[in-house]
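For the sequence shown, my numbering assigns the number -13 to the initial residue and increments by one for each residue that follows.
Even for Gly, the Cβ is constructed at its ideal location relative to N, Cα and C.
Data block below; observations after.
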Amino acid sequence: MNKHIAAFALLAASLFALPAQAAKCGGDFDTFLSQIGREAQAKGVSASVVREALSGVSIDQEVLAFDKRQRYTFKRSFEDYAKTRVIPARLKRATALMQKHAQLLARVERQFGVPKELIMAIWTLETDNGGGDMGKRPVVRTLATLAHDCRRTELFQGELIAAMMIVNRGDLPLKDLVGAFAGEIGQTQFLPSSYIKYGVDYDGNGHVDLRHSVPDVLASTANLLKTNGWRAGQPYGEGTENFQVMREWNRSEIYRKTMVLFAEKLGGNNY
């Protein structure tokens, strides 16, 4: 499914705008990585992190093949799509987790204004609450591959530098910087630029950990929506302002309607 590529393309371009001398895509890969490394250091990433991150990186042909056949649209109807996603097993687990994390969810909802049912819906739909597929591919290799390909090099050069910033900040060690086919990270699948911009250290340990920390995951997810204009206490079903804000999560109307349906099934009454 679309893990925010379209939704965050403009964001990444603005967050990590590249200068006129950006790395040249499509040529020698090692030369390209050297140029990226210099740009990362210019943005504050230490030389040691750059060396660790980029040493020995090679093009991932599986990522290229996946990206070239991927289409960022849903071809099925909402009904057909939703019935494969909003299923009893997921609803049962999500309901149990809402009870387990009731105090945390209430705190997040108070602070960020995003209903707990919607946060739980996102967490469940993205990775089955961290118990499903968060991706196993090295994020730096994935993003270097996509950045070297010239179709969306500006977007992915920015994401690659942001990934190194995550390591540089100490949020995740490089060995834990693994994700999906477009470099999405963690239990609600943030691109690195969004990790940097919206990530919240909600467990107070000094790091934003969107792979292992449930408080960080839930608060960061809510923070993304709040920062992009979420109106607390207002409806979020189709046709509302909040439904439009949800485009920053996923531009697909069908996916957003599925998010709303899942929240509705969890007992949300403000949709």
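Does DSSP put F176 in a helix, a strand or coil?
Residue numbering aside, residue 176 sits at position 190 when the sequence shown is read from its first letter. F176: strand per DSSP, three-state reduction.
Do you know how far the Cα of N236 is from the Cα of S180?
The residue labelled residue 180 in the question sits at position 194 within the sequence shown. The residue labelled residue 236 in the question sits at position 250 within the sequence shown. Cα to Cα, S180 sits roughly 13 Å from N236.
Put P101 into one of helix, strand or coil per three-state DSSP.
Numbered from 1 along the sequence shown, position 115 holds the residue referred to as residue 101. In the structure shown, P101 sits in coil (DSSP, three-state: anything other than H, G, I, E or B).
Inspect the beta-carbon positions of L211 and V231 and report whether they are closer than 7 Å.
In the sequence shown, residue 211 corresponds to position 225, counting from 1. In the sequence shown, residue 231 corresponds to position 245, counting from 1. Against a cut-off of 7 Å, the Cβ pair of V231 and L211 comes out as a contact.
In terms of alpha-carbon separation, which member of A208, Q220 and E227 lies closest to F92?
Position 106 of the sequence shown, counted from the start, is the residue given in the question as residue 92. Note that residue 92 corresponds to Ala in the displayed sequence, not to Phe. Nearest option by C-alpha distance: A208.
Please go through the same chain and pick out, in chain order, the residues whose beta-carbon is closer than 6 Å to the beta-carbon of G12, but skip the five residues on each side of it.
Translated into the one-based positions of the sequence shown, residue 12 becomes position 26. Only C136 meet the Cβ criterion.
Exposure of R37, with buried meaning 16 or more beta-carbon neighbours within 10 Å:
In the sequence shown, the residue the question calls residue 37 occupies position 51. Label assigned to R37: exposed.
Counting C-beta neighbours from all protein chains within 10 Å, is the total for V126 16 or more, i.e. buried, or is it exposed?
In the sequence shown, the residue the question calls residue 126 occupies position 140. Classification of V126: buried, given that the 10 Å Cβ count is 16 or more.
Give the DSSP-derived three-state secondary structure of P74 in the structure shown.
Along the sequence shown, read from residue 1 onward, the residue named residue 74 stands at position 88. Note: P74 maps to helix in three-state DSSP.
Could you tell me whether any Cβ in chain D is nearer than 7 Å to the Cβ of A88?
Given the protein chain composition of this structure (a single chain), no chain D is represented.
Alpha carbon of A51 to alpha carbon of Q143, nearest angstrom:
What you label residue 51 is simply residue 65 of the sequence shown in a count that begins at 1. What you label residue 143 is simply residue 157 of the sequence shown in a count that begins at 1. Distance between the alpha carbons of A51 and Q143: 19 Å.
Pairs of beta-carbons, one from the segment 107 to 125 and one from the segment 163 to 173, closer than 8 Å: are there three or more?
yes
Cβ-Cβ distance between T110 and R62 below 7 Å:
Walking along the sequence shown from the start, residue 110 turns up at place 124. Walking along the sequence shown from the start, residue 62 turns up at place 76. No. Outside cutoff.
Is it true that the CB of F64 sits closer than 7 Å to the CB of I240?
Within the sequence shown, residue 240 is the residue found at index 254, counting from 1. Within the sequence shown, residue 64 is the residue found at index 78, counting from 1. Yes, these two residues count as a Cβ contact at 7 Å.
Simplified DSSP state of I147, which is helix, strand or coil:
Your numbering for residue 147 matches position 161 in the sequence shown. Residue state, collapsed to three classes: helix.
Quick one: is T17 buried, meaning 16 or more other Cβ sit within 10 Å of its Cβ, or exposed?
To locate residue 17, count along the sequence shown from 1; it is residue 31. T17 is exposed by the Cβ-count criterion.
Please report the Cβ distance between I10 and Q27, rounded to the nearest whole angstrom; I am assuming they are in contact, meaning their Cβ atoms lie under 8 Å.
Here residue 10 is taken as the residue at index 24 of the sequence shown, counted from 1. Here residue 27 is taken as the residue at index 41 of the sequence shown, counted from 1. For clarity, residue 10 is Lys in the given sequence; the question names Ile instead. The pair is not a contact, with the Cβ atoms about 18 Å apart (cut-off 8 Å).
Which one of G23, V31 and D202 has the shortest CA to CA distance from S41?
Taking the first residue of the sequence shown as 1, we reach residue 41 at position 55. Selected option, being the one with the closest Cα: G23.
Segment limits, alpha helix (DSSP H) that includes D53:
As a position in the sequence shown, residue 53 is number 67, starting the count at 1. Here the alpha helix (DSSP H) through D53 covers Q47 to R55.
What are the start and end residues of the alpha helix (DSSP H) that includes A205?
Within the sequence shown, the letter at position 219 stands for residue 205. That run of the alpha helix (DSSP H) goes V200 to T213.
Roughly how many angstroms lie between the CA atoms of E227 and P221, to the nearest whole one?
On the sequence shown, residue 227 is found 241 positions in, with the first residue counted as 1. On the sequence shown, residue 221 is found 235 positions in, with the first residue counted as 1. Distance between the alpha carbons of E227 and P221: 8 Å.
Boundaries of the alpha helix (DSSP H) in which G223 is found, first to last residue:
As a first step, residue 223 is located in the sequence shown; it is residue number 237 there, counting from the start. G223 -> no alpha helix (DSSP H), and no H or E assigned at all.
Cα-Cα separation, P124 to T131:
Your numbering for residue 124 matches position 138 in the sequence shown. Your numbering for residue 131 matches position 145 in the sequence shown. Those two C-alpha atoms are separated by around 11 Å.
Around the C-beta of T70, are 16 or more other C-beta atoms found within 10 angstroms, so that it is buried, or is it exposed?
As a position in the sequence shown, residue 70 is number 84, starting the count at 1. Result: exposed.
G23 by DSSP, collapsed to three states: which one?
Translated into the one-based positions of the sequence shown, residue 23 becomes position 37. Residue state, collapsed to three classes: helix.
Can you pull the DSSP bridge partners for P124?
Position 138 of the sequence shown, counted from the start, is the residue given in the question as residue 124. Answer by DSSP bridge pairing, in chain order: V164.
Measure from the alpha carbon of V186 to the alpha carbon of each residue in K86, E170 and D157, then state which is nearest.
As a working note, residue 186 is residue 200 in the sequence shown. Of the candidates K86, E170 and D157, the one whose C-alpha sits nearest the C-alpha of V186 is D157.
Do A80 and L252 have their beta-carbon atoms positioned less than 7 Å apart in this structure?
For the purposes of this step, residue 252 is taken as the residue at position 266 of the sequence shown. For the purposes of this step, residue 80 is taken as the residue at position 94 of the sequence shown. Closer than 7 Å, so yes.
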